[in-house]
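In order, the protein sequences belong to chains G and D. Start counting the first sequence at 254; every next residue gets the next number (my numbering). Start counting the second sequence at -15; every next residue gets the next number (my numbering). Positions of the beta carbon are idealized from the N, C-alpha and C atoms, including for glycine. Single-structure report; data block below.
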Amino acid sequence: MSENTLLEVQDLKVHFGGKKLFRKAQIVHAVDGVSFSVPKGQTLGIVGESGSGKTTTALAVLRLVPITDGTIRIGDVEISSLEKEDLREARRKVQMVFQDPYSSLDPRRRVGDIVREPLDLMNIGEEEDRDQMVHDLFVQVGLRPELASLFPHQFSGGQRQRIGLARALATKPELIVCDEPVSALDVAVQAQILNLMRKLQEDLGLTYLFISHDLGVVQHLCDHVAVMYLGQIVEQADRISLFSNPQHPYTKALLAAVPKARPRDGTEKRVPLTGDPPSPINLPTGCRFAGRCPVAIEKCHSIAPALKDRGNGHLASCHLLD
Amino acid sequence: MAAILSIKDLVVDFKTRAGNARVLNEISLELESGEILGIVGESGCGKSMTALSIMGLVPSPPGKITNGSISLDGEDLVQASTARMRQVRGGIISMIFQEPMTSLNPVFRVGDQIAECVLLHEDISKADAWARAVEMLTKVGIPEPEIRARAYPHELSGGMRQRVMIAMALSCRPRILIADEPTTALDVTVQAQIFDLLNDLQRETGTAIIMITHDMGAIAELADRVAVMYAGHIIESGKTEDILTNPQHPYTRGLIACVPHLEENPTEDRPYLSEIKGVVPSLTDLGKGCAFAPRCPYKTPICEEERPHIEAVDKTHSVACYNVKYVVAV
Chain G
254 MSENTLLEVQ DLKVHFGGKK LFRKAQIVHA VDGVSFSVPK GQTLGIVGES
304 GSGKTTTALA VLRLVPITDG TIRIGDVEIS SLEKEDLREA RRKVQMVFQD
354 PYSSLDPRRR VGDIVREPLD LMNIGEEEDR DQMVHDLFVQ VGLRPELASL
404 FPHQFSGGQR QRIGLARALA TKPELIVCDE PVSALDVAVQ AQILNLMRKL
454 QEDLGLTYLF ISHDLGVVQH LCDHVAVMYL GQIVEQADRI SLFSNPQHPY
504 TKALLAAVPK ARPRDGTEKR VPLTGDPPSP INLPTGCRFA GRCPVAIEKC
554 HSIAPALKDR GNGHLASCHL LD
Chain D
-15 MAAILSIKDL VVDFKTRAGN ARVLNEISLE LESGEILGIV GESGCGKSMT
35 ALSIMGLVPS PPGKITNGSI SLDGEDLVQA STARMRQVRG GIISMIFQEP
85 MTSLNPVFRV GDQIAECVLL HEDISKADAW ARAVEMLTKV GIPEPEIRAR
135 AYPHELSGGM RQRVMIAMAL SCRPRILIAD EPTTALDVTV QAQIFDLLND
185 LQRETGTAII MITHDMGAIA ELADRVAVMY AGHIIESGKT EDILTNPQHP
235 YTRGLIACVP HLEENPTEDR PYLSEIKGVV PSLTDLGKGC AFAPRCPYKT
285 PICEEERPHI EAVDKTHSVA CYNVKYVVAV
């Protein structure tokens, strides 16, 4: 692990389900052998369709779902082997911002208390200084500190997401895991939140793990991008290489599916991806994408391709690239 | 081409505890037969309310259409009887909604739900209605339609459910289809499939479509013409091409500029996104001036005094802004 790496995930597996009393065990392979690392102060974006395992990966990094196999390191702490109080202490360094700003704030608590709660729980600073710290956090995320005594329902979606950010920043974390933080917001508000996140990253040297299905947003915010399909990373590269030179057929299809905000001229007809991803319970043998892949060959249906370097650290798993 | 639907000076008021909220303020729109009209705007701008007004589904009370007309081939739908509206809904104008899971009935087979719609509007036997349901499912590209027609909504994926909704909406061969954010809940790959499907069906059947969305990308993919809404007003309308490449109203410009668009060849250079400062105003407290004035970088004293009317800048392009010329010059 290089010195500059903040988060390193190796061969992470998260499987759900198990023995049933009268039925055959059904195991959901939500995340199935995922490895990546994020350098300090940078942003890794994970993209994929729903059910690809991107949210489960994010939750596993915070140990919010049981890990089946693999290791997760944050700095020099191996968070995947910690238990109880040690784990709670370690979470100080890693915080999360959730997708839905309407359900991720307790409706019965004043927002100032919501932001203060992590300070109390983690015993940060002196008790009498904490009100001032909450005040500073509000300023940092662009909210007027007088608003601290209001309740969540009195805020708009964008303001609530700012409160969610303030709460995440309270423990002075190094890593913030963001699970679709702007997808519930209107476009104009989305721009405000994305700019705020970038500014916070520059000011505080934060590292982001950014989960999103919006490729435009990912391209704007992330330094590195991993594309997930059915529990596995199928392609991973730096931002420029991935978007200008996508290798995997799935990545290409994903990029082609994004509507361009310029008028159609009729000449370009995309090759639409047909069907839905297969079930993560009965996984197909061979490449998991083969069933929907427009260029699949016979080999794809029997042998799973490996994630290999295709030059300059651009990883992709596809037989056709070998 | 003749307009099949024309909305004139439509005003919808909602009585709230905070006062009277004018959710639609003198909206005028024309839909020509066989075209796709996009309506874009942020949440709360009145785009869904426009759709509900056309369908005669404004929740009343607290809502009420207080002025204006919605004429379908010369017939005013605002004055139409409840019985007549039942014929219109589903028969002449039908609608698909954002959330395909909550708009389908979970305890009936999807085939029965489509057949029910046909039975309501046409004098047809049950067996024929079922056959029509299967035919519609084939048309929207569902594999093994005979088997799928017997499925319950929970057995289908999100994309499949939205296809079922589209099949149901088109089952009585309506002349107008209103699609209210039809792909917001879906993945991009599925969204692309639905866009292609709508495009193909539109070409095949000639149904006029009103497409309601907050996504300029969706507009670019589908719409022939666009109306941009802000705080209950239409502030700009025109051909899709003109709106996207040559937006005139400061709000439309902001709306296009603030979205990080996917580039094919990104560079190291990543400027911050341009923002529209401030927040959408409360509809109960709009003041007498232009609703966008408090957030507008080009505002002049008159903007706060008097609301600008929507006026043509050329044959097909209209804008409600006093400073169009100045904005263009910048």
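Residue i (DSSP reduced to helix, strand or coil)
i, result
"G:Thr296", "strand"
"G:Ser288", "strand"
"D:Leu104", "helix"
"G:Tyr482", "strand"
"G:Tyr503", "helix"
"G:Val314", "helix"
"G:Cys571", "coil"
"D:Ile178", "helix"
"G:Phe391", "helix"
"D:Arg159", "coil"
"D:Ala153", "helix"
"G:Arg326", "strand"
"D:Gly18", "coil"
"D:Ser(-10)", "strand"
"D:Thr167", "coil"
"D:Asn230", "coil"
"D:Phe(-2)", "strand"
"D:Ile315", "The shown model of chain D, from -15 to 314, leaves out residue 315 of chain D, and the question about it has no answer."
"D:Ile33", "Checking the sequence shown, residue 33 of chain D turns out to be Met, not Ile. In this structure, D:Met33 counts as helix in the three-state DSSP scheme."
"D:Asn337", "Nothing about residue 337 of chain D can be reported from this structure: the residues present for chain D run from -15 to 314 only."
"D:His138", "helix"
"G:Leu526", "coil"
Counted within 10 angstroms of its Cβ, other Cβ atoms place residue i as buried (16 or more) or exposed
i, result
"G:Gln414", "buried"
"G:His466", "buried"
"G:Ser356", "exposed"
"G:Arg563", "buried"
"D:Ala176", "buried"
"G:Ser570", "buried"
"D:Ile286", "exposed"
"D:Ile194", "buried"
"D:Lys123", "buried"
"D:Tyr306", "buried"
"G:Asp529", "buried"
"D:Ser258", "exposed"
"G:Tyr503", "buried"
"G:Val435", "buried"
"G:Glu342", "exposed"
"D:Asn4", "exposed"
Check whether residue i and residue j have beta carbons under 8 angstroms apart
i, j, result
"G:Leu468", "G:Val300", "yes"
"G:Ala590", "G:Asp353", "In the structure as shown, chain G starts at 254 and stops at 575, and residue 590 of chain G therefore has no counterpart that could be examined."
"G:Asp439", "D:Glu26", "yes"
"G:Ala278", "G:Phe269", "no"
"D:Cys101", "D:Met152", "yes"
"G:Val212", "G:Ser288", "In the structure displayed, chain G extends from 254 to 575; residue 212 of chain G sits before or after that span and is not available."
"D:Gly143", "D:Val174", "yes"
"D:Cys156", "D:Gly74", "yes"
"D:Gly201", "G:Lys513", "yes"
"D:Leu(-6)", "D:Ile49", "yes"
"G:Ala506", "G:Leu526", "yes"
"D:Ala111", "D:Ala133", "no"
"D:Arg6", "D:Ile76", "no"
"G:Pro533", "G:Val281", "yes"
"G:Leu265", "G:Ile325", "yes"
"D:Ser302", "D:Gly190", "no"
"G:Ala490", "G:Leu574", "no"
Proximity test, residue i beta-carbon vs the ligand NAD heavy atom, cut-off 7 angstroms
i, result
"D:Ser65", "Questions concerning the ligand NAD fall outside what the structure shown contains, since it holds no ligand whatsoever."
Anticipated Cβ contact below 8 angstroms, residue i with residue j, distance rounded
i, j, result
"D:Ala211", "D:Pro265", "Actually they do not touch by this definition, with Cβ atoms about 20 angstroms apart."
"G:Lys552", "G:Pro426", "Wrong, their Cβ atoms sit about 45 angstroms apart, outside the cutoff."
"D:Ala163", "D:Ile(-12)", "Not really, about 16 angstroms apart at Cβ, beyond 8 angstroms."
"G:Ser303", "G:Leu483", "Actually they do not touch by this definition, with Cβ atoms about 11 angstroms apart."
"G:Leu428", "G:Ile327", "6 angstroms"
"D:Gln146", "D:Ile178", "6 angstroms"
"D:Ile218", "D:Leu228", "Their Cβ separation, rounded to whole angstroms, is 17 angstroms, which puts D:Ile218 and D:Leu228 out of contact at 8 angstroms."
Cutoff 8 angstroms: residue i Cβ touching any chain B Cβ
i, result
"G:Gln472", "Given the protein chain composition of this structure (G and D), no chain B is represented."
Exercise for the section: Evaluate contact between the segment -11 to 0 of chain D and the segment 30 to 39 of chain D, counting only Cβ atoms and requiring at least three cross-stretch pairs below 8 angstroms. Expected result: The segment -11 to 0 of chain D vs the segment 30 to 39 of chain D: in contact.
Problem - contact_flag[the segment 260 to 275 of chain D, the segment 289 to 308 of chain D] where n(CB pairs < 8 angstroms) is 3 or more - result: Yes, the segment 260 to 275 of chain D is in contact with the segment 289 to 308 of chain D.
Exercise for the section: Kindly confirm or deny that the segment 120 to 132 of chain D and the segment 74 to 85 of chain D touch, where touching means at least three C-beta pairs closer than 8 angstroms. Expected result: Segment contact: the segment 120 to 132 of chain D against the segment 74 to 85 of chain D, fewer than three CB-CB distances shorter than 8 angstroms; contact not assigned.
Handout entry: Cβ pair count under 8 angstroms reaching 3, the segment 361 to 372 of chain G against the segment 391 to 409 of chain G
Key = Counting C-beta pairs closer than 8 angstroms gives three or more between the segment 361 to 372 of chain G and the segment 391 to 409 of chain G, which meets the contact rule.
Handout entry: Any 3 or more C-beta pairs closer than 8 angstroms across the segment 193 to 211 of chain D and the segment 8 to 23 of chain D
Key = Counting Cβ pairs under 8 angstroms, three or more are found: they touch.
Exercise for the section: Check whether the segment 542 to 550 of chain G touches the segment 458 to 465 of chain G, taking contact to mean three or more Cβ pairs, one atom from each stretch, closer than 8 angstroms. Expected result: Verdict: no, contact absent.
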